[in-house]
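In the UniProt record's numbering, the protein residues as written are 1 to 224.
To keep things clear, I will list the structure first and then write my remarks on it.
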Ligand code: CDP
Ligand code: CDP
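What follows is the structure in structure tokens.
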């Protein structure tokens with residue numbers, strides 16, 4: 001079974017996807033972490049974030065690996081654990097430029113399809129229901145107000161131990177800028193798939209969102 005969860009930044013995609021993956025023993029694939037890893041690689045090689053050819057070469061050289069360690073998702077590149085680094089404000093501010101590069105998307109999409117072909121998966125991102133897994137069994141589009149997403153992000157950074165001197169207003173502006181870029185790029189923009197169910201999580205707890213998605217998955221499983 002393939003479950004696709006798309007939506008803007010900090011709508012709660014990865015939090016609920018991880019919980020559902022654990023409950024159902026599905027593999028969770030965080031595609032945003034892959035684009036963030038591409039951005040770390042570009043930065044490490046001191047490349048311009050628009051330099052498609054050299055970024056591709058650097059990705060081929062360093063590689064990107066998603067691993068599950070003691071139930072935690074880890075991201076490795078060139079033998080280094082970059083799980084914390086991919087979440088820093090510098091990487092968040094530049095990931096939309098790297099993720100808009102068509103050949104980088106082609107490479108990531110192909111890797112994501114390979115991973116999804118092997119087992120039951122729940123995959124989150126921006127273009128899973130529209131491009132990566134257009135035939136996914138369940139498609140969810142999570143949204144929430146920009147303010148609540150900024151508040152969640154600030155709390156999330158603190159909980160992950162990432163130091164940030166950004167105010168909630170600055171984070172909200174950054175999130176809005178990233179959403180705009182992600183929604184307006186030429187290749188695979190952030191867009192609700194026509195057959196996706198939209199869930200507004202602004203006033204919902206994590207458990208409520210999880211239950212709502214589990215219900216959709218169970219409905220589908222009954223039809224198998
Ligand atoms: O966690 P957050 O919602 O902030 O973002 P993310 O899921 O980690 O994704 C980071 C960035 O990667 C997004 O802003 C997009 O630019 C890009 N992305 C994408 O283009 N396509 C995907 N399937 C997933 C992420
Ligand atoms: O993956 P995405 O960027 O869509 O969001 P996330 O990283 O899963 O969620 C960002 C933060 O919002 C996390 O700290 C969650 O605990 C929190 N969250 C929440 O407060 N209420 C929800 N209904 C969903 C997520």
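Glycine included, each C-beta is placed from N, C-alpha and C at the ideal position.
ask   = With respect to 7 Å, is the separation between the Cβ of residue 155 and the closest non-hydrogen atom of ligand 2 below this value?
value = yes
ask   = Regarding residue 152 and ligand 2, is the C-beta to nearest heavy atom distance less than 7 Å?
value = yes
message = Extract the residue ranges of the alpha helix (DSSP H) inside the stretch 143-204, only unbroken runs of 4 or more that lie entirely within it.
response = 146-159 and 168-184
task = Rounded to whole angstroms, what's the CA-CA distance from residue 156 to residue 66? Just pull it up for me.
result = 21 Å
message = Within the continuous beta strand (DSSP E) that includes residue 35, where are the two ends?
response = Counting along the chain, residue 35 falls outside any beta strand (DSSP E), though it belongs to the alpha helix (DSSP H) covering 31-44.
key: C-beta atoms of residue 149 and residue 91 nearer than 8 Å   = no
inquiry  = If distances are taken between C-alpha atoms only, which option among 191, 213 and 188 comes closest to residue 199?
reply    = 213
key: Close-in-space but distant-in-sequence residues of the same chain around residue 137 (CB under 6 Å, 5 per side omitted)   = 1, 2 and 220
ask   = Thinking just about the alpha-carbon of each residue, which of 166, 147, 58 and 167 is nearest to the one in residue 8?
value = 147
heavy atom of ligand 2 below 7 Å from residue 209 C-beta = yes
ask   = Where do the ends of the alpha helix (DSSP H) carrying residue 52 lie?
value = 52-62
query = Just curious, the beta strand (DSSP E) that residue 68 is in, first and last residue?
reply = 65-69
request  = Drop a sphere of 10 angstroms on the beta-carbon of residue 85, count the other beta-carbons inside from all chains shown, and report buried for 16 or more, exposed for fewer.
outcome  = buried
message = I'd like to know whether the C-beta atoms of residue 26 and residue 121 end up nearer to each other than 8 Å.
response = yes
query = When the distance is taken between beta carbons, is residue 124 closer than 8 Å to residue 14?
reply = yes
inquiry  = Does the structure place the stretch 32-51 close enough to the stretch 170-184 that three or more beta carbon pairs sit under 8 Å?
reply    = no
key: Spatial distance of residue 49 from residue 75 (CA atoms)   = 20 Å
query = Within the present structure, is the beta-carbon of residue 99 separated from the nearest heavy atom of ligand 2 by less than 7 Å?
reply = no
Check whether residue 196 and residue 103 have beta carbons under 8 Å apart = no
key: For residue 122: DSSP bridge partner residues   = 3 and 28
Beta-carbon proximity list for residue 21, same chain, < 7 Å, skipping 5 on both sides = 27, 28 and 122
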